[in-house]
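One structure below.
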Amino acid sequence: IDFSDSTNGALLLEPQSTNLALQSNQFNESEWSKTNTSVSANETGVGGSTNAWLLSKSSSDGLIRQFITTTGANTFSVYVKKGSLSWVRLFIASSTESSSVYVNLDNGLTGTSSGSPTVKVVPMDNGWYRCIITKDTTNINNFRIYPADADNDTSGTSGNIYIQYAQVEAGSYATSYIPTSGSTTTRLADVCNNSGSAQDFNSEEGVLYAEIAALANDGTFRFISLKNNTTVDIIRIGYITTSNRIEIQNYKSGVLFNSFNYEVQDVKTNSKIAFKWKDNDFQLYINGLNVLSNTSVTAWGSGVFQSLQFDQHNGGNAFYGNTRDLRIYNTALTDQELIALTTI
4 IDFSDSTNGA
14 LLLEPQSTNL
24 ALQSNQFNES
34 EWSKTNTSVS
44 ANETGVGGST
54 NAWLLSKSSS
64 DGLIRQFITT
74 TGANTFSVYV
84 KKGSLSWVRL
94 FIASSTESSS
104 VYVNLDNGLT
114 GTSSGSPTVK
124 VVPMDNGWYR
134 CIITKDTTNI
144 NNFRIYPADA
154 DNDTSGTSGN
164 IYIQYAQVEA
174 GSYATSYIPT
184 SGSTTTRLAD
194 VCNNSGSAQD
204 FNSEEGVLYA
214 EIAALANDGT
224 FRFISLKNNT
234 TVDIIRIGYI
244 TTSNRIEIQN
254 YKSGVLFNSF
264 NYEVQDVKTN
274 SKIAFKWKDN
284 DFQLYINGLN
294 VLSNTSVTAW
304 GSGVFQSLQF
314 DQHNGGNAFY
324 GNTRDLRIYN
334 TALTDQELIA
344 LTTI
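Taking my numbering as reference, the numbering of the sequence shown is continuous, increasing by one, and the terminal residue is 347.
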């Protein structure tokens, strides 16, 4: 359950990912090369853990880094908290270009950046931040952490910050932490399927409601579906390859009869989606707006829908993202109820 964007939490489903950083939380090991820095263990970390590290520098431009050979879009993340210093610099180096960002550990705001990286800072508990930098480039060769004295300044000769849980992974966003110890580690994709049976769903009328947010606007299909397990009868909602688009599709006996996509400002921001089906009354509401109405199609027959799935009808295009709420209503709601349900 992910609480990073909501006090109520959300079901977090993630794709497969591999942490390329060796010794992800053993910064004293030889995999981490230190230049004018030292580390000490057993500091209080995220969530009250006791395995964080104090990273201290003894000269200007002190840093700790790991040499990792990779290419393409890669995301470097580390949990950081201020010590005697209130800034950190994250740096991705390659043989052709470099990218970096300074983060203010007093407030989580970013300072100077170079090399056009994508940056995200996630507030955690007790003053910790997960600092994330993504760069798409060729021939990446190392990932660095600098205790910084101020924005765009690593010139000081002393001071410290706290660090914990480093991760390097292919892709345009950070997934949840994957511990490593001497070798890369892969976390398999999350799977959440086959909920319910024909007795739980009314295929003649009802509402499928989802309050969801994508992990990234990454140009992939990601669907939640209510479906029949033997024939292509389906209600499918989710994100598509077109940037920042939510899509609804309906199939009856393999024939597509509703297909509509709606542009939102950012799929990574929470959206409330409600789709109503009933004979000659199909309605789609997104964030309080009626964006689709079809009054000329009959609904499915009795006992058609058999399961709720976090993928599409053939098992592909799994949904990866945050799901704050997911409901099935076995009676069709009124337009006023759908507006109230989906208004942000």
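Heads up, the beta-carbon is just placed ideally off N, CA and C, and yes, glycines get one too. Since the model is a prediction, treat every value here as computed from it, not as a measurement.
Sequence-distant partners of Leu341 (beyond 5 residues in either direction) whose C-beta falls short of 6 Å from its own C-beta, in its chain, are Ala277 and Tyr288.
The three-state secondary structure of Ala302, taken from DSSP, is coil. Note on Ser158: under 16 other CB atoms within 10 angstroms of its CB, so exposed under the neighbour-count rule. Phe70 counts as exposed, since fewer than 16 other C-beta atoms from the protein chains shown sit within 10 angstroms of its C-beta. Separation of Asn110 and Ser87 (C-alpha to C-alpha, rounded to the nearest whole angstrom) is 15 Å. For Ser200 and Val194, the gap between their C-alpha atoms comes out near 18 Å. Between the beta-carbon of Glu172 and that of Thr72 there is about 14 Å, and that puts the pair past the 8 Å contact cut.
Excluding residues up to 5 positions away in sequence, Leu25 lie with their Cβ nearer than 7 Å to the Cβ of Ser186 in the same chain. Runs of the beta strand (DSSP E) spanning 3 or more residues and lying entirely within the segment 204-264 occur at 209-217, 225-230, 237-242 and 248-255, in chain order. In the three-state reduction of the DSSP assignment, Leu344 falls in the helix class, which pools H, G and I. According to the DSSP assignment, Asn163 belongs to the beta strand (DSSP E) that extends over Asn163 to Ala173. Asp314 sits in coil when the DSSP states are folded into three classes, being neither helix nor strand. The beta carbon of Glu250 is closer than 6 Å to those of Ile243 and Asn264 in its chain, skipping five residues each way along the sequence. Rounded to the nearest angstrom, the gap between the Cα atoms of Val42 and Phe224 is 43 Å. About 6 Å separates the Cβ atoms of Val124 and Thr113, confirming a contact at the 8 Å cut-off.
If you look at Leu14, you'll find it in the beta strand (DSSP E) that goes Leu14 to Leu16. When C-beta atoms of the segment 5-20 are compared with those of the segment 149-157, fewer than three pairs fall below 8 Å, so the two segments do not count as touching. Of the candidates Phe285, Gln309, Tyr82 and Gln312, the residue whose Cα lies closest to the Cα of Val300 is Phe285. Counting the other CB atoms within 10 Å of its CB gives Thr78 a total of 16 or more, which places it among the buried residues.
At least 7 Å separates the beta-carbon of Asp5 from that of Ala76. In its chain, beyond the 5 residues on either side, Leu16, Glu17, Pro18, Leu218 and Arg225 have a beta carbon closer than 7 Å to the beta carbon of Tyr323.
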